[in-house]
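With the working numbering applied, the sequence shown covers 106 to 230.
Built from N, CA and C at the ideal position, the CB exists for glycine as well.
This structure is a prediction, so every number in the text was calculated from the model and none was measured.
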Amino acid sequence: YAMGFRNPFRFSVDPADGTLYAADYGPDAGSDNAARGPAATVEWNIIKQPGFYGWPYCVGDNIPYRDYNYATGQSGPSFNCASPVNDSPNNTGITNLPAAKKADVWYGNGANGGKFPEMGDGGEA
Numbered sequence: 106y107a108m109g110f111r112n113p114f115r116f117s118v119d120p121a122d123g124t125l126y127a128a129d130y131g132p133d134a135g136s137d138n139a140a141r142g143p144a145a146t147v148e149w150n151i152i153k154q155p156g157f158y159g160w161p162y163c164v165g166d167n168i169p170y171r172d173y174n175y176a177t178g179q180s181g182p183s184f185n186c187a188s189p190v191n192d193s194p195n196n197t198g199i200t201n202l203p204a205a206k207k208a209d210v211w212y213g214n215g216a217n218g219g220k221f222p223e224m225g226d227g228g229e230a
């Protein structure tokens, strides 16, 4: 029903309409890195329909990570959040994924971008 979460840690279901709410921890990078991608980000997703929620290609406001080759240590292009492609040699599912859905609320060490000032300026946790 919903995929593309890294580490969902809190779920709730609205008993009135069945809406699913999911909190999801992203990776623990301490700061944005132009060669790799955004800093650590925590997301709050309101799930009302099936969808892909971005991981491991995008986070928060659909901020893309970069394709990284661990064998060579080289960064490739940024992933396309509107049309992500799972070209992993370990992929056993579909290759062309649906467009990533943006998180409803996101917060972290860099990706917040001031959109949610009421959350202050602390870390992602």
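Going by C-alpha distance, which of A176, G178, N167 is nearest E148? Here the closest residue by C-alpha is N167.
**Prompt:** Would you call the region 201-210 and the region 149-158 touching, i.e. three or more CB-CB distances under 8 Å?
**Reply:** Contact holds: three or more Cβ-Cβ distances are below 8 Å.
Between W160 and R111, which are expected to be in contact by the criterion C-beta below 8 Å, what is the C-beta distance as a whole number of angstroms? 4 Å
- Helix or strand or just coil, what does DSSP make of P222? Note: P222 maps to helix in three-state DSSP.
* Indicate the three-state DSSP secondary structure (helix, strand or coil) for Q179 in the structure shown. => Of the three classes helix, strand and coil, the one that applies to Q179 here is strand, per DSSP.
- Could you tell me whether the Cβ of A208 comes closer than 8 Å to any Cβ of chain C? The structure shown has no chain C; it contains just one protein chain.
Candidates N174, Q179, A187, S180, of which the one nearest P194 by Cα:
N174
Taking Cβ to Cβ, would you say G107 is nearer than 8 Å to P155? First, the amino acid is wrong: residue 107 is Ala here, not Gly. Cβ atoms of A107 and P155: closer than 8 Å.
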